[in-house]
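Residue numbers (the working numbering): 115 to 279.
1) For residue 180, write down the residues that DSSP places opposite it in a beta bridge.
2) Run through DSSP, which three-state label would residue 203 get?
3) Could you name the residues of the same chain whose beta carbon sits closer than 7 Å to that of residue 189, not counting the 5 residues immediately before and after it, in chain order?
4) Please confirm whether residue 197 and residue 175 have their CB atoms less than 8 Å apart.
5) Let me make sure I understand the geometry here. Which of 121, 245, 227 has the alpha-carbon closest to that of residue 166?
6) I'd like the span of the alpha helix (DSSP H) that includes residue 237, first residue to last.
7) Quick check: the Cα distance between residue 126 and residue 242, rounded to an integer number of angstroms?
8) Once the 5 residues before and after residue 191 are set aside, which same chain residues still bring their CB inside 8 Å of it?
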C-alpha cells in the first residue's frame, strides 16, 4: 500500500468505506463481480491492520468480515476466533463466527456461538438472529412478556435455535 496509516481507527475507517461501497455496488445492478475490486482493497487494508495491530480484536474481526465476504470461511473463522480470544465481551464476534460455522456445516458450533452472543448482549443478538431467520426459544423459567416481538416456544430450560421456514 502506498498510503501510510498511523492508527487502527484510520485503517478501520478506510476498511469500512471500501467494504460499504462494495456492498452498495453489489446490491445495485452491477452485482458481486463489480464489487470485487472494492472488496480487494478492503482485504488489503484488513491485512495491514492485522499486521500492524495483531493484538487488536477489531483488526481480526474486520479481517474475518472481508474473508467471509470473499468466500473464505475457514480463514474467517480463524480471525473471528482470534477476535474472541482478545475480547469475549463483543456479541458481534460470536455472531459472525456462528455464521461462518454455519457456512462450514458446523451447526453445533454455530449454536454455541449464537447462544454465547445472547449471553453477552441479548437485545443486540436477538435482533440480528431474527434477521438471519433464527427464532429465539425462551426457557420456560423466563417471562414471555419480556420478549413480545419474538416467536416463543416453551421447551425445557435450555437454549435452542430453530431455522424459520
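Where is the CB? At the ideal position from N, CA and C, for every residue including glycine.
Source: prediction; values computed, not measured.
A quick look at the data gives this:
1) DSSP output for residue 180 lists no bridge partner at all.
2) coil
3) 181
4) yes
5) 121
6) 236-245
7) 22 Å
8) 178, 211, 214, 215, 218
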